[in-house]
Amino acid sequence: MKKNFLCFAVSILFFVPFLVIVIRMGTALYVDHTDNSNRLTDFILQGRSIETVSSGDEWIKKYPFHQGFSKSALVQIEETQKVITGFCTSSFPFSEQIHELIQLYRENILQNTLNQDGGEYGAVASNIAQAPDYVAPLVENVLDFEDFCNKQGVPFLYIQTPRKDLALYYEGKSEGIKNPEIVYRSLAFQEQLAQKSSSVLFLGSSTIPQHIYEYDSTSHWSFEDSLFASQCIAQELNERFGFAFTTALSDPNNYQDFFAPYRSTMDLPQQKLPTPVQQGSYTRIYAEGAEIVSGGFSTVCIQPIEKYSSDGVYYSMAIIGNSLMSTIQNHTTTQNCGKKILVIGDSFDWFVVPYLAQQVSEITFLHNASFTGSLHTYIQTYQPDLVLVMYNDTEFFQEYSEDAFDFN
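Using the working numbering, the first residue of the sequence shown is number 1, and each one after it goes up by one.
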């Protein structure tokens, strides 16, 4: 009898203090926890809570783009884990409930600041938590559109092109990232889409040959980046769909710098604008016949040198724009004769499309946000041999996402 009473007394001795902590933590979910009377609770709830719950969040470990913050957070995670483990052993009463409480904190605290000094990092933590939910409906729209194309008997491929921030992330240059929320959304989107579809190509990722992207003042990549992207895409189309693009598309000997004849008299950028030596014969049809231009590659696909502006090199030289659609017909190609490709994309494709046009009979660029008709009806009418959705990370800004990913 005395032995049983002693065991009961010892249990109460350990149980009561911890029960107080549990109750204090539970109430703190709904009450401002500025009272420092309980140092242990304050330690758990204020300075360390986010690091503790983030230790189970694979985003910080999987996508650490802010190296200084990442290393600091991981150290604090390890320290906090030791403290929590000291109180929450498997043999301790209510250890399972404590774990559940910590998980509840994860959902609540990720919406607030990382710690009392880390407003910037609090926004980062919030972005981490919200990114998967933000992109989930966009992924479903892509999957539905892929399903529609497949039912029409039209092959489909989604291509993601890197914005400067994502390129810096892949290069390990995290200190230059300006819009981390877009990086998180892009990574979350890629992860979710790749889990549900194999019809994807992510330029800039580890699956693509190493390439350092360069960007101008408008945050658009260089002309040579566009050529590199077209080469990667052409290879993918050969392997996936049996297209017949050749290595001539990637042979530097087949290109010359469009700017070269003007460099002695104009202040032009160091970057080159590759144009094919063999200009060929093309026709560009704008807005289904509103404007028709015929001639060689440079005449049909590039603005005249008089249009050049140092304020936006990429913008000033692009003849394709984000308005309605442009079709380029190649009258001299011996590759992919009779093939038609539909590209649903954005401004990062303005030069990719002409470079691909060198080796296919017809390619049409359509800017979805500017297209007022039914995309489904247009595809059924146009009957392309392939549909490419080629979007840049820029489409993950809230003002662009809804229109860009509406494929009806």
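Cβ coordinates follow ideal geometry from the N, Cα and C atoms, glycine included.
request  = Assess, as a yes-or-no matter, whether the region 313-322 is touched by the region 348-366 under the definition of 3 or more beta carbon pairs within less than 8 Å.
outcome  = Contact holds: three or more Cβ-Cβ distances are below 8 Å.
Host beta strand (DSSP E) of Tyr400 (start-end) = Locating residue 400 in the sequence shown gives position 400, counting from the first residue. Note, Tyr400: premise wrong, no beta strand (DSSP E); alpha helix (DSSP H) at 398-404.
request  = Using three-state DSSP, classify Val389 as helix, strand or coil.
outcome  = Position 389 of the sequence shown, counting from 1, holds the residue named residue 389. Of the three classes helix, strand and coil, the one that applies to Val389 here is strand, per DSSP.
inquiry  = Taking the alpha-carbon of Ala369 as reference, which of Asp144, Tyr355, Tyr391 has the nearest alpha-carbon?
reply    = Sequence index remark: in the sequence shown, residue 369 carries index 369 (1-based). The candidate whose alpha carbon is nearest that of Ala369 is Tyr391.
key: Rounded distance between the beta-carbons of Thr275 and Phe258, thought under 8 Å   = For the purposes of this step, residue 258 is identified with residue 258 of the sequence shown, where counting begins at 1. For the purposes of this step, residue 275 is identified with residue 275 of the sequence shown, where counting begins at 1. In this structure Phe258 is in contact with Thr275, their Cβ atoms being roughly 5 Å apart against a cut-off of 8 Å.
ask   = Nearest CA to the CA of Glu239: which residue from His376, Leu201, Tyr382?
value = Indexing the sequence shown from 1 puts residue 239 at position 239. Here the closest residue by C-alpha is Leu201.
task = In angstroms with no decimal places, state the Cα-to-Cα distance between Leu40 and Ser197.
result = Residue mapping note: residue 40 aligns to position 40 of the sequence shown, counting from 1. Residue mapping note: residue 197 aligns to position 197 of the sequence shown, counting from 1. Unreliable positioning characterises Leu40 in this predicted model, as indicated by a pLDDT of 43, which lies under 50. The coordinate reading is nonetheless provided below. So the alpha carbons of these two residues sit roughly 47 Å apart.
key: Same chain only: Cβ atoms within 8 Å of Ile182, ignoring 5 sequence neighbours per side   = Position 182 of the sequence shown, counting from 1, holds the residue named residue 182. Arg163, Asp165, Leu166, Asp393, Thr394, Phe396, Phe397.
query = Out of curiosity, what's the CA-to-CA distance linking Ser401 and Ser264?
reply = Walking along the sequence shown from the start, residue 401 turns up at place 401. Walking along the sequence shown from the start, residue 264 turns up at place 264. Their backbone Cα atoms lie some 43 Å apart in a straight line.
message = With distance defined between alpha-carbon atoms, name the residue in Leu138, Asn150, Glu399, Val277 nearest to Gln383.
response = Position 383 of the sequence shown, counted from the first residue, corresponds to residue 383. For Gln383, the closest C-alpha among the options Leu138, Asn150, Glu399, Val277 is that of Asn150.
inquiry  = Comparing C-alpha positions only, which one of Gln231, Gln271, Ser205 sits nearest to Ala244?
reply    = Your numbering for residue 244 matches position 244 in the sequence shown. For Ala244, the nearest C-alpha among the options comes from Gln231.
Same chain, Cβ closer than 7 Å to Ala410, neighbours up to 5 away in sequence not counted = Nothing about residue 410 can be reported from this structure: the residues present for the chain run from 1 to 408 only.
task = Quick one: using the 10 Å Cβ neighbour count with 16 as the cut-off for buried, is Pro261 buried or exposed?
result = Here residue 261 refers to the residue found at position 261 of the sequence shown. Pro261 is exposed by the Cβ-count criterion.
message = Under DSSP, the alpha helix (DSSP H) around Asp165 begins and ends at which residues?
response = Locating residue 165 in the sequence shown gives position 165, where the first residue counts as 1. Note, Asp165: alpha helix (DSSP H), 164-171.
inquiry  = Taking 8 Å as the threshold (C-beta atoms), are Phe189 and Val135 in contact?
reply    = For the purposes of this step, residue 135 is taken as residue 135 along the sequence shown, with counting starting at 1. For the purposes of this step, residue 189 is taken as residue 189 along the sequence shown, with counting starting at 1. Yes.
query = Which class does Arg263 belong to by DSSP, given the choice of helix, strand or coil?
reply = Reading the sequence shown from its first residue, position 263 is the one you call residue 263. Assigned with DSSP and collapsed to three states, Arg263 falls in coil, not helix or strand.
ask   = Given that a residue counts as buried once 16 or more other Cβ atoms are within 10 Å of its Cβ, and exposed if not, what is Ser226?
value = Residue mapping note: residue 226 aligns to position 226 of the sequence shown, counting from 1. Buried is the call here.
key: Anticipated Cβ contact below 8 Å, Tyr286 with Ser326, distance rounded   = The count along the sequence shown starts at 1 and reaches residue 286 at position 286. The count along the sequence shown starts at 1 and reaches residue 326 at position 326. Going by Cβ atoms, the distance from Tyr286 to Ser326 rounds to 5 Å, so yes, they are a contact pair.
inquiry  = So, for His331: in the same chain, excluding its five sequence neighbours on each side, which residues have a beta-carbon less than 6 Å away from its beta-carbon?
reply    = Within the sequence shown, the letter at position 331 stands for residue 331. The beta carbon of His331 sits closer than 6 Å to those of Ser281, all from its chain and outside the five residues before and after it, given in chain order.
query = What is the DSSP secondary structure of Asn336, counted as helix, strand or coil?
reply = In the sequence shown, the residue the question calls residue 336 occupies position 336. It is coil, neither helix nor strand.
message = Check for me: the beta strand (DSSP E) holding Tyr355 runs from which residue to which?
response = Position 355 of the sequence shown, counted from the start, is the residue given in the question as residue 355. Element bounds for Tyr355: not the beta strand (DSSP E) but the alpha helix (DSSP H), 352-357.
ask   = How long is the line joining the alpha carbons of Leu157 and Ile341, rounded to whole angstroms?
value = Looking up residue 157 in the sequence shown gives position 157. Looking up residue 341 in the sequence shown gives position 341. Whole-angstrom Cα-Cα distance: 11 Å.
inquiry  = Determine whether the beta carbon atoms of Tyr184 and Ala234 lie at a separation below 8 Å.
reply    = Sequence index remark: in the sequence shown, residue 184 carries index 184 (1-based). Sequence index remark: in the sequence shown, residue 234 carries index 234 (1-based). Taking the C-beta atoms as reference points, Ala234 is found no nearer than 8 Å to Tyr184.
inquiry  = Please report the distance separating the alpha-carbon of Phe407 from that of Val343.
reply    = The sequence position of residue 407 within the sequence shown is 407, counting from 1. The sequence position of residue 343 within the sequence shown is 343, counting from 1. So the alpha carbons of these two residues sit roughly 13 Å apart.
query = Given a threshold of 16 other Cβ atoms within 10 Å of its Cβ, counted over all protein chains shown, does Ile379 qualify as buried or as exposed?
reply = As a position in the sequence shown, residue 379 is number 379, starting the count at 1. Note on Ile379: 16 or more other CB atoms within 10 angstroms of its CB, so buried under the neighbour-count rule.
query = Fully enclosed by the region 239-289, which beta strand (DSSP E) runs are 3 residues long or longer?
reply = Taking 3 residues as the shortest admissible run, the region 239-289 contains the following complete beta strand (DSSP E) segments, listed from N- to C-terminal end: 255-257, 274-276, 282-286.
ask   = With distances taken between CB atoms, is the gap from Gln279 to Ser310 smaller than 8 Å?
value = Walking along the sequence shown from the start, residue 279 turns up at place 279. Walking along the sequence shown from the start, residue 310 turns up at place 310. Remark: C-beta atoms of Gln279 and Ser310 do not approach each other more closely than 8 Å.
query = What separation, rounded to the nearest whole angstrom, lies between the Cα atoms of Gly242 and Pro180?
reply = Reading the sequence shown from its first residue, position 242 is the one you call residue 242. Reading the sequence shown from its first residue, position 180 is the one you call residue 180. Their backbone Cα atoms lie some 38 Å apart in a straight line.
ask   = chain C beta carbons: is any one of them nearer than 8 Å to that of Tyr400?
value = Checking the listed chains, one finds no chain C in this structure; it contains a single protein chain.
key: Own chain residues within Cβ distance below 7 Å of Leu193, not counting five before or after   = Translated into positions along the sequence shown, residue 193 becomes position 193. Once the five neighbours on either side are set aside, the close Cβ partners of Leu193 are Val139, Val142, Tyr158, Val200.
request  = Report the residue from Tyr170, Glu191, Phe145, Gln152 whose alpha carbon sits nearest the alpha carbon of Asp133.
outcome  = The residue you call residue 133 lines up with position 133 of the sequence shown. Here the closest residue by C-alpha is Glu191.
key: Tyr184 in three-state terms, based on DSSP   = The residue given as residue 184 occupies position 184 in the sequence shown. Tyr184 falls in the helix class under three-state DSSP.
task = Can you tell me which of the three DSSP states Asn409 falls into?
result = Outside the shown range of the chain, which is 1 to 408, sits residue 409, and nothing can be said about it.
key: Boundaries of the beta strand (DSSP E) in which Tyr215 is found, first to last residue   = As a first step, residue 215 must be located in the sequence shown, where it is residue number 215. That residue, Tyr215, is in no beta strand (DSSP E); it is neither H nor E in DSSP.
query = Is Ile177 near Tyr170, with beta carbons less than 8 Å apart?
reply = Within the sequence shown, numbered from 1, the residue matching residue 177 stands at position 177. Within the sequence shown, numbered from 1, the residue matching residue 170 stands at position 170. No, the pair does not count as a contact, with Cβ atoms beyond the cut-off.
query = Where does Phe65 fall in DSSP's three states?
reply = Looking up residue 65 in the sequence shown gives position 65. Any reading at Phe65 must be qualified, since the residue scores a pLDDT of 44, below 50, and its modelled position is unreliable; the value itself is stated next. Coil, per DSSP.
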